[in-house]
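Residue numbers (the numbering used here): 145 to 768.
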C-alpha cells in the first residue's frame, strides 16, 4: 500500500520540486518504507511506499517502463500479477527487472493500454505519464477500495491519495465548499463520488479511469455492475450447488489475497463475514493465522467474546485488546488528522484502534468488507422487502396508514409514518439511510434552495438499474455504488493507513461480486434472515451456535458521549455561530436538537456528531 501524488501543467508552468516533496510528506503514513519523486519539465510525480510485494529496491517508484516512455506511481495490490506476468512474458518475451506488481502493471498498460484494467484483480489507484504523447492516464479499482482525488482547471491537473497533498502542490488553491457535496454530507454522512467537501477537488468514482491532455480531462467508466440482471432461474437451483460454487470462488479470492512478502493476518469480529474469511485463510494455511480484535469492558459494545469463540474453533493466533469505550475518545485528535475531510462514520474509531493493534504484528490484514452490501446483510433490507408491497397499494391507503402511525408516541413510529409518505421504495431507502431524517430544519434555505437531496441522487442512479430489480435488490446496489466506496471502504483505507497497515477485502474480488450480482434476492434476504447464502456457507466452517447472534458491527456509544464525555467539546462547536453560518447550518435549530438529545427525548447522535465533525474540520481548514 502506498500514497501517490503528482501534477501536470499544459500551460507552461514548471513543476515546483519543493512543493512536490511537501505533498509527498503529507502521504508519509501511507508509505513509511520509501519515498521518491520524478520530474520532467511540466510534469512531476511523487510516491510513498509501504513495501508488501518485492520489498527490494526494484519496487521503487516512480517507476519507468522498460522502453522509458511511461512513468507510473501506483497505490494498491494486483493480486493476479503473477498470472499477468507469465502471460506477458510468454506472449511478448519480456525480461523482468524485479518481482513487483508495479512493474507488471506498467508493462501491461504499455502493451494493452486501458484494456489492461479488465484483466486486473486487485485494489488500486495509479497514474501513468506518457512522455511521448504528453498524456496522463489514471484509474481507480472496480469497487473503490483505493482513493484518487484530483483538481483540474485551465490546463493544470493535480492528483493525490489525499486532498491535503493537492493543497500542498497548488498553494493558493481555493478551499471553497462544494454546496451540493455539503448537503449530501449533512443528509447521509459522506460525499458521493465525484463530489468532495471542496468545490475545486473531485474524487474519481469506483471503476473509472481518466485521461488528461491538452484537450482537458475525460472520465470514463470501465467497470459497470449497474445493469447486471439477477438470474431468476437460480431460485430453483439446489442450495448445495450454489454453496459449492460460492465456496470455490471465495476460496480462490482469499488465496490470491494472501500473497505477501511481509507478515499477514486478519481482522476478526466474530460476525459472518470476517469469520468466514478467517476460516478460509486457516484452510489455506499450513500454520496458524494471526487474528485481531478490539474488545470493550462495556458488554453492550463488546464483540471480543464472539471473536474469541471463533478464534478457538479455528485455532488462530489471536490478539485482542480490551479497552473502555471512553478510551476511544483519546483517538479523536488522530481521527481528525487522518481524515482530512469531514467524515461522519464514528466506527472509524474502533477501526483505528484495531489497526494500531494489528500493526504491531503484521503489515497486511484481510477483512470481511463487502459482505453486507453484496449478500444482503443490513437490517433495512428486510424492512424494504416488507415495505415494497405497501408501495403497490393506492397512495390514499398509505396516507391513512401513515396518519395512524403518526399518532404512535414513539419516535420510531413517527419515522415509519414519514417513510410511508414517500413516493416509492427508492425514496424510502434514502430516508432509511439518511442521518438527518426529520431534522432537516438545521439546514438553512440558502443551502436547500440551490441543491438537491440525497433521494434525488439515489433515484437518478437507480434509473440505470434493470427495471426487474426488487426494492431490496436496488437498495443493495445503491449501497454498493455509494455507501460502500464513499463510507465503509474509505473508513477502512484511512483507518488502516493511519498506522501503515494494508487492508484487503476478498469479498470484493471480481468473481465474488459477479456471483453476488447474479443471485436473486431470495438467496440473500429470506424472511427475517439476512445474508442467507453467505451465512449457510459460513456454517460449513463454523458451527451455527457460534456464529448466530444479532448483528452488531463496530458500535460506539456516541449518543452517550454527547451527553457526557463529549458534551463540552460538542457544545463549543454548536455555539460557533460564525462557522455554522458559513456551513449553511441553523444555529438555533441545532441547539434545540441538542437539547432534545440531552434530555433523552430523541437520539440525534448521528446528525449531531456529523455536524460537530464538520465544524471541527471547517475551523481547522480555515487556519491553513
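Backbone N, C-alpha and C define an ideal beta-carbon position, used for all residues, glycine too.
Straight-line Cα distance separating residue j from residue i
| i | j | result |
| --- | --- | --- |
| residue 267 | residue 745 | 44 Å |
| residue 677 | residue 528 | 19 Å |
| residue 684 | residue 395 | 13 Å |
| residue 485 | residue 430 | 42 Å |
| residue 507 | residue 387 | 32 Å |
| residue 771 | residue 665 | Residue coverage of the chain in this structure runs from 145 to 768, which leaves residue 771 outside it and unanswerable. |
| residue 323 | residue 312 | 23 Å |
| residue 256 | residue 372 | 26 Å |
| residue 766 | residue 318 | 11 Å |
| residue 501 | residue 534 | 47 Å |
| residue 287 | residue 375 | 22 Å |
| residue 421 | residue 231 | 29 Å |
| residue 451 | residue 457 | 10 Å |
| residue 222 | residue 624 | 21 Å |
| residue 653 | residue 513 | 11 Å |
| residue 325 | residue 335 | 6 Å |
| residue 491 | residue 438 | 12 Å |
| residue 236 | residue 399 | 27 Å |
| residue 692 | residue 679 | 9 Å |
| residue 671 | residue 309 | 48 Å |
| residue 379 | residue 667 | 8 Å |
| residue 725 | residue 414 | 44 Å |
| residue 658 | residue 384 | 19 Å |
| residue 416 | residue 473 | 28 Å |
| residue 462 | residue 168 | 35 Å |
8 Å Cβ cutoff, residue i in contact with chain B
| i | result |
| --- | --- |
| residue 185 | The structure shown contains no chain B, having only a single protein chain. |
Simplified DSSP assignment, three categories, for residue i
| i | result |
| --- | --- |
| residue 372 | coil |
| residue 106 | In this structure the chain extends from 145 to 768, so residue 106 is not present and cannot be described. |
| residue 229 | helix |
| residue 261 | helix |
| residue 325 | helix |
| residue 266 | strand |
| residue 511 | coil |
| residue 648 | strand |
| residue 765 | helix |
| residue 234 | helix |
| residue 280 | strand |
| residue 354 | strand |
| residue 316 | coil |
| residue 347 | strand |
Boundaries of the beta strand (DSSP E) in which residue i is found, first to last residue
| i | result |
| --- | --- |
| residue 219 | 214-222 |
| residue 364 | 360-365 |
| residue 182 | 178-184 |
| residue 297 | 293-297 |
| residue 582 | No beta strand (DSSP E) holds residue 582; DSSP gives it neither H nor E. |
| residue 303 | 300-304 |
| residue 193 | 187-193 |
| residue 466 | 461-467 |
Run of the alpha helix (DSSP H) containing residue i, from where it starts to where it stops
| i | result |
| --- | --- |
| residue 385 | 383-401 |
| residue 614 | Premise fails: residue 614 is in no alpha helix (DSSP H) and is neither H nor E. |
| residue 634 | 633-641 |
| residue 482 | 476-482 |
| residue 146 | From DSSP, residue 146 is part of no alpha helix (DSSP H) but of the beta strand (DSSP E) over 146-153. |
| residue 493 | 492-503 |
| residue 537 | Run containing residue 537: none; DSSP gives neither H nor E here. |
| residue 163 | 161-169 |
| residue 380 | Counting along the chain, residue 380 falls outside any alpha helix (DSSP H), and DSSP gives it neither H nor E. |
Identity of the residues DSSP links to residue i by a beta bridge
| i | result |
| --- | --- |
| residue 424 | Answer by DSSP bridge pairing: none, since residue 424 is not bridged. |
| residue 256 | In DSSP, residue 256 forms no bridge with anything. |
| residue 411 | 436 |
| residue 594 | Bridge partners of residue 594: none, in fact. |
| residue 657 | Per DSSP, none; premise fails for residue 657. |
| residue 285 | For residue 285, which the question treats as bridged, DSSP gives no partner whatsoever. |
| residue 670 | 673 |
| residue 208 | 215 |
| residue 274 | 214 and 279 |
| residue 96 | No statement about residue 96 is possible, as the shown extent of the chain runs from 145 to 768 and does not include it. |
Under 8 Å, with one C-beta from each stretch per pair, do the stretch 224-235 and the stretch 179-196 reach the 3-pair mark? By the Cβ test, the stretch 224-235 is not in contact with the stretch 179-196, since fewer than three Cβ pairs between them sit closer than 8 Å.
Should the stretch 200-213 be regarded as contacting the stretch 173-191, the criterion being three or more beta carbon pairs within less than 8 Å? When Cβ pairs closer than 8 Å are counted between the two stretches, the stretch 200-213 is seen to touch the stretch 173-191, the count reaching three or more.
Quick check: the stretch 339-357 against the stretch 273-287, are there 3 or more CB pairs under 8 Å? Contact between the stretch 339-357 and the stretch 273-287 is present: three or more C-beta pairs spanning the two stretches fall below 8 Å.
Touching by the beta-carbon criterion (3+ pairs, under 8 Å), the stretch 238-256 and the stretch 582-599: As far as the Cβ criterion goes, the stretch 238-256 does not touch the stretch 582-599, which means the pair count is below three.
If you pair each beta-carbon of the stretch 236-250 with each one of the stretch 627-643, do three or more pairs fall below 8 Å? Judged by Cβ distances under 8 Å, the stretch 236-250 makes no contact with the stretch 627-643, as fewer than three pairs qualify.
Meets three-Cβ-pair contact criterion under 8 Å: the stretch 146-154 and the stretch 296-312: Put simply, the stretch 146-154 touches the stretch 296-312. At least three CB pairs are less than 8 Å apart.
Pairing CB atoms from the stretch 567-587 with CB atoms from the stretch 605-619, are three or more of them under 8 Å? Using a C-beta cut-off of 8 Å, the stretch 567-587 makes contact with the stretch 605-619, since at least three inter-stretch Cβ pairs fall below that distance.
For the stretch 723-738 and the stretch 755-766, state whether three or more C-beta atom pairs, one from each stretch, are separated by less than 8 Å. Counting Cβ pairs under 8 Å, three or more are found: they touch.
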